[in-house]
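What follows is a set of notes on a single structure, which appears directly below.
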């Protein structure tokens with residue numbers, strides 16, 4: 001589908017207002033200033049470079065902490081007055097990052113920023129949070145509701161999740177990945193909570209109504225876009241303690257590029273990428289958006305990846321099927337080299353950032 | 001200073017745009033929907049009703065998790081292009097809430113929401129975070145930088161802190177508070193990060209310039225308002241494991257009303273409240289704002305309170321002096337009854353929310 005002739009008119013995430021390079025440059029400036037390392041009696045942070053969650057050793061436990069927001073998907077929820085899905089998302093985006101280091105969720109705190117808190121919206125968010133917690137097996141430990149007129153238009157939804165490693169389990173950080181390993185993918189439930197600034201911009205440019213289905217769909221476009229993020233806690237928890245599991249990745253912002261975070265000195269070759277769901281092809285055509293931009297902005301149908309020992313493939317698939325992911329499929333393999341590529345789309349990334 | 005005749009022209013936090021009753025009503029709707037409790041192999045949440053941090057038991061450790069934002073103080077930082085102080089605040093507002101349950105900080109994750117991330121601002125925030133981490137003895141474990149044009153104007157700064165209880169220490173939740181206990185107060189460094197929506201509104205109404213000192217001050221008003229929140233981690237950590245320490249409270253949003261969170265069936269009588277710092281009196285006169293509104297919106301000079309056994313008072317003060325709080329003073333005592341009152345100002349609150 002890559003077509004250089006349409007490059008000049010093509011849409012990108014940056015053109016819609018989210019320049020991830022600008023973000024990463026600013027973040028580097030911040031991190032360069034943070035040099036302090038605490039005394040060991042304040043907990044011992046573990047190195048997990050570039051990973052999905054921060055890890056710290058406290059007493060006899062290793063803990064994982066991760067924080068994420070639902071982003072501009074909330075603006076769509078607000079426009080349609082439907083809050084339950086984004087409530088579920090705030091759990092999902094956080095517990096899926098815990099799942100990617102093999103941690104089991106122990107608790108979540110939510111952060112809601114609002115100009116004027118709306119009781120109806122909050123009730124919907126609460127129902128969604130409850131659904132997400134059930135799927136993840138996670139408690140709500142607290143939260144913050146900040147009334148910040150002047151900063152926030154509408155509402156922002158974020159959270160932080162705390163995870164742990166049950167007795168005998170170690171964090172899964174990708175270091176055991178080696179050439180020959182299989183890459184498995186578990187489907188997404190839709191666009192999850194990524195790329196919404198681009199989606200909303202394209203819908204506005206093309207004056208696409210949210211209340212009607214797109215061609216070929218049955219649900220309205222708004223409903224289709226607001227489907228909550230699939231929660232991968234159960235399948236990840238089932239495999240995290242198994243030696244054949246070499247790496248886990250949540251394919252959220254950055255899409256397949258997240259695999260590169262797992263290991264810098266192997267190549268992830270995704271040569272069995274499944275058929276891209278129609279919603280993504282429809283968004284792509286709406287732009288147009290080129291293939292590389294689609295794969296680095298959206299999940300393109302696969303929300304969670306597992307890198308496993310090929311010799312344990314059948315057993316791994318059986319375990320995943322029992323843990324709520326019978327739809328897992330083999331999407332590629334690991335080779336010598338570096339980066340990630342999706343040959344069928346002629347897409348290749350050398351790094352995550 | 002309470003003067004009912006000026007009630008009609010008086011300013012309140014609600015009139016400035018932050019109605020905490022509206023917020024609390026919305027929050028109740030959310031919490032009513034969240035009913036799920038996880039299986040014990042996912043960690044065991046401990047009841048800490050209405051407290052500063054959520055508590056969960058994981059393996060052999062009890063952990064505390066708390067989340068808070070700097071709020072609209074960030075808008076002032078932005079106006080003045082001075083970011084270091086609010087960077088320090090994002091650590092302070094979170095570790096002080098951990099301090100209020102007697103937990104030692106083990107790690108922080110920050111959340112920055114921005115329309116367009118600015119490298120200069122991020123570098124300043126990073127320097128401030130580093131300073132805060134040093135004061136608290138806490139590691140930065142990760143963070144999230146969300147580019148959310150359309151939701152956020154400028155920048156929002158928040159975070160989540162993870163704390164733990166060193167071997168042998170139990171959470172300090174106020175249940176051991178009893179009539180006869182002494183209430184100690186440690187001074188604040190200024191307005192900390194509370195009430196800024198009201199402050200900014202009053203400054204705008206009265207066209208007060210930020211670049212000049214208010215009458216009687218030497219630093220410019222902007223500098224005075226941006227002084228970062230004092231960090232109480234060291235004094236709280238020193239006392240948290242001591243049996244004579246019956247309760248700890250971070251007097252942030254809600255001011256002295258935070259004491260009521262510690263124990264519903266005792267009265268906190270703050271009959272030795274120290275002289276209110278000139279900055280607060282100046283803000284009050286600018287409104288005018290009545291005494292009760294001042295005490296429920298601002299810290300009024302005391303940022304952290306400790307409820308201790310009177311028989312151990314001298315020893316407690318010595319410990320606090322060695323831990324960086326030689327300026328602690330006795331501000332009141334505990335009686336039979338309920339609520340909190342500050343007799344010199346004729347101010348009384350029956351509850352926190």
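Chains as they are written, first to last, in the numbering used here: chain A, 1 to 353; chain B, 1 to 353. Cβ coordinates follow ideal geometry from the N, Cα and C atoms, glycine included. Here the structure is a predicted model, which means the values were calculated and not measured.
| Asked | Found |
| --- | --- |
| Residues in the region 112 to 130 of chain A having any Cβ partner in chain B nearer than 9 Å | 112, 113, 114, 115, 116, 117, 118, 119, 120, 121, 122, 123, 124, 125, 126, 127, 128, 129 and 130 |
| Cutoff 7 Å: residue 192 of chain B Cβ touching any chain A Cβ | no |
| C-alpha distance - residue 191 of chain A paired with residue 56 of chain A, whole-angstrom precision | 32 Å |
| Reference residue 127 of chain A, options B:305, B:298, B:228 and B:36, closest by Cα | B:36 |
| Contact list for the region 56 to 89 of chain A against chain C, Cβ threshold 8 Å | The displayed structure is made up of protein chains A and B, and chain C is not among them. |
| Exposed unless 16 or more other CB atoms sit within 10 angstroms - verdict on residue 332 of chain A | buried |
| Closer than 7 Å to chain B by CB, residue 214 of chain A | no |
| CA nearest to the CA of residue 339 of chain A, picked from A:188, A:265, A:87 and A:275 | A:265 |
| CA nearest to the CA of residue 23 of chain A, picked from B:321, B:111, B:81 and B:106 | B:111 |
| CB contact flag (residue 253 of chain B, residue 307 of chain B, <7 Å) | no |
| Cβ contact check for the region 290 to 302 of chain A and the region 188 to 208 of chain A: 3 or more pairs under 8 Å | yes |
| Spatial distance of residue 130 of chain A from residue 30 of chain B (CA atoms) | 9 Å |
| Strand pairing of residue 341 of chain B, partner residues [DSSP] | B:269 and B:348 |
| Limits of the unbroken beta strand (DSSP E) element including residue 112 of chain B | 104 to 114 |
| Limits of the unbroken beta strand (DSSP E) element including residue 308 of chain B | 302 to 308 |
| CA-to-CA distance, residue 272 of chain B to residue 251 of chain B, given in whole angstroms | 16 Å |
| Residue of A:81, A:187 and A:46 minimising C-alpha distance to residue 124 of chain A | A:81 |
| Within chain B, the residues that residue 211 of chain A reaches when beta carbons sit closer than 8 Å | Those do not exist, as residue 211 of chain A stays about 20 Å from chain B at its closest Cβ, beyond 8 Å. |
| Sub-7 Å separation of residue 152 of chain B and residue 113 of chain B beta-carbons | yes |
| Environment of residue 175 of chain A [buried if 16+ CB atoms lie within 10 Å] | exposed |
| Best match in A:335, A:232, A:75 and A:166 for proximity to residue 100 of chain A [C-alpha to C-alpha] | A:232 |
| Contact with chain B by residue 15 of chain A, beta-carbon distance below 7 Å | no |
| Within chain B, partners of residue 290 of chain A - CB distance below 9 Å | Chain B residues near residue 290 of chain A: none, gap ~21 Å exceeds 9 Å. |
| Check whether residue 97 of chain B and residue 69 of chain B have beta carbons under 7 Å apart | no |
| Residues, ordered as in the chain, of the region 143 to 165 of chain B that lie near chain A by beta-carbon distance below 7 Å | 143, 144, 145, 146, 147, 148, 149, 150, 151, 152, 153, 154, 156, 158, 160, 162 and 164 |
| Contacting positions in the region 167 to 186 of chain B - beta carbon closer than 9 Å to chain A | 167 |
| Local Cβ density within 10 Å of residue 207 of chain B, reported as buried at 16 or more and exposed below that | exposed |
| Residues of its chain near residue 6 of chain B, where Cβ-Cβ distance is below 8 Å and the 5 sequence neighbours each way are ignored | For residue 6 of chain B, the pLDDT reaches just 43, beneath the cut-off of 50, and the residue's location in the model is therefore unreliable, although a value from the coordinates is still provided. Cβ neighbours of residue 6 of chain B beyond the five flanking positions: 288 and 290. |
| Reference residue 15 of chain B; option with closest CA among B:347, B:205, B:234 and B:327 | B:205 |
| Boundaries (first-last residue) of the beta strand (DSSP E) holding residue 329 of chain A | 329 to 336 |
| Below-7 Å beta-carbon distance, residue 333 of chain A vs any chain B residue | no |
| Counted within 10 angstroms of its Cβ, other Cβ atoms place residue 159 of chain B as buried (16 or more) or exposed | buried |
| CB contact check: residue 295 of chain A to chain B, cutoff 7 Å | no |
| Integer-rounded CB distance, given that residue 213 of chain B should sit under 8 Å from residue 220 of chain B | 6 Å |
| Residue 230 of chain B, buried or exposed, once every other Cβ within 10 Å from all chains shown has been counted against 16 | buried |
| Residue 19 of chain B in three-state terms, based on DSSP | coil |
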